[in-house]
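Undergrad: Quick one: the structure is below, questions incoming.
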Amino acid sequence: MLTPKKSAAGTIFTIKKRSGLARVGTIHTPHGDIKTPAFVGAATKATVKALTMQEMNDLGSQAILANTYHLILAPGTALIKEAGGLATFNSWHKPTFTDSGGFQIFSLPDVKITENGVKFRSYLSGDKFELTPEGSMQAQWAIGADIHMAFDHLAKSESYEDMRRAMDRTHRWLERCVAEHNRLEHERVAGRTRALAPEHYLYAVVQGGTFLDLRAESARFCNSVNPDGFGIGGVFTADGMTEMLQTVNGILDENKPRHLLGMGQEPIDLFVGAENGCDTFDCVGPTRMARNGTLYTNDGRINIKNAKYKHDFSPLMSECDCECCKNYTKAYLHHLFKADEITAKVLASIHNEHFVVSTVDKIRAAILDDTFTDYKTAFLKRYYHN
RNA sequence: GCUGGAAUCGUCUAGUGGCAAUGACAAGAGACUGUAAAUCUCUCGGCUUCGGCCUUCGUAGGUUCGAGUCCUACUUCCAGCA
């Protein structure tokens, strides 16, 4: 069981308002607060692709999520520790998350998975690596993000048997993650006469795929180790997500924050997630799509490279107050993409990231105002044209 | 003026007797959800009842069952010599 802890500001998570499963709250971290629900920017290699941290700050982002696997490969966790931790290294002086590397086991070819952990070769150097629950914890401590994810195991198929196997292993690994996290914490405070405010929080990750009984079992197990918060993993589409989240979030300790891992490319994911009790989201979709020319608008996504935008001198979204929409036209963005200019990806990323960040900000405001259902209905009707 | 060489789908290009014809770029469209993604996929002469049909490799003839490929003339361009 994880050692109970409080942040300097009090508990890690304070809830301001509830509405059904949905809630508005604040996550308190050593690098500041996150007002939730919130969209967390995906900064896999310690950078949000195409964007500076100043741009991320300006577009309203509250937190970013980096990836342990990628940072182990380059530049190495020791270097980030030497730099003074992730937030100092990349000059993002606000809350940070790290993902454990668990997802890479699932998404990369040629990894060897055993009960102990995962063996793989660096695609950069060819060097052999082994990532274990303990190793992931140590790496995340070295990286020094505020919120760490437990090292989990995603199933290779959708079958019940594979899902159960992956979930059971995730649970066994979770116990090892908690033990190692506690060991690192005890090491940190050793010799101190006064209790220190915690530096790092650990989220347990719920698995179980689309099977509600497995999800319920996983949620109960995650509660049992008393983590600081929860990640909900292994989710790939909005189909069935409502029932799954209602099951999981009906069980997870309601006083702890919940992060929906990897979801948020489709705006509906954010509405369904927040409505059903998720507090934070991360997703590579907005920035990846931006680099490839697909941009969000309130009327649905568009491909700015399409010929029909060549002479369109209107802003991408007149209602948007991002740097891109306030200053540039669709025709200009179209030109930048066709000319393969770096600025195309920068401006597009600013817009898409701002779009999802501000959409979740509006969800928070709507929950506070008791207008969530109206906002959701109006938004989705306009965005998906139905 | 003479002697060589060259002309192929928007551009560059492959192609030396069986070809609607190679590759790249450009163009048109699509995909992307805890990022090995600045990536990937499809279309790209016209028509089509999807079996084909028609028109194409500077122009005009010719040889051949069959010509982008061989021959002749012309046109244009390039190089060298005058």
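Read in our numbering, the first sequence has 244 at position 253, and its numbers run on one by one without any break.
Backbone N, C-alpha and C fix where the C-beta goes; we use that ideal spot for every residue, glycine too.
#1: Return yes when the Cβ of L252 is within less than 8 Å of the Cβ of D409, no when it is not.
#2: To the nearest angstrom, report how far apart R373 and R292 are at their CA atoms.
#3: Fully enclosed by the region 193 to 277, which beta strand (DSSP E) runs are 3 residues long or longer?
#4: At a cut of 8 Å, does the region 170 to 188 reach the region 107 to 116 through at least three beta carbon pairs?
#5: Hey, out of R206, K26, Y375 and R9, whose CA is closest to M154's CA?
#6: Could you tell me the boundaries of the alpha helix (DSSP H) in which N283 lies?
#7: What residues in its chain sit with their C-beta under 6 Å from that of K336, if we drop five residues either side in the sequence?
#8: With DSSP run on the structure shown, which of helix, strand or coil describes A(-1)?
#9: Mind reading off the beta-carbon distance from E266 to K367? Whole number of angstroms is fine, and I expect it under 8 Å.
#10: So what's R183 in DSSP terms, helix, strand or just coil?
#11: Do you know offhand how far S305's Cα is from E344's?
#12: Among the residues of its own chain, which have a CB less than 7 Å from the CB of A0, if the five just before and after it don't count?
#13: Hey, H191 and P86 are a contact pair by Cβ (cut 8 Å); roughly how many whole angstroms apart?
#14: Quick one: what's L122 bridged to in DSSP?
#15: Would you check if the region 46 to 60 and the region 88 to 101 touch, i.e. whether three or more CB-CB distances between them fall below 8 Å?
#16: Following the continuous alpha helix (DSSP H) through M44, name the residue where it begins and the one where it ends.
TA: Straight from the coordinates:
#1: With the chain running from -8 to 377 in the structure shown, residue 409 is simply not present.
#2: The alpha-carbon atoms of R373 and R292 are separated by roughly 11 Å.
#3: 220 to 223, 249 to 251 and 271 to 274
#4: no
#5: R206
#6: Note, N283: premise wrong, no alpha helix (DSSP H); not H, not E.
#7: A41 and R282
#8: Low confidence applies to A(-1): its pLDDT is 46, below 50, so where it sits in the model is not reliable, and the reading given next is rough at best. The answer is coil: DSSP assigns A(-1) none of H, G, I, E or B.
#9: 7 Å
#10: coil
#11: 20 Å
#12: Summary for A0: the model assigns pLDDT 44, below 50, so the residue's position carries little reliability; its value from the coordinates is reported in the next sentence. Contacts found: H19.
#13: That belief does not hold up - the Cβ atoms of H191 and P86 are roughly 12 Å apart, past 8 Å.
#14: V109
#15: In this structure the region 88 to 101 touches the region 46 to 60; the number of beta carbon pairs closer than 8 Å is three or more.
#16: M44 to D49
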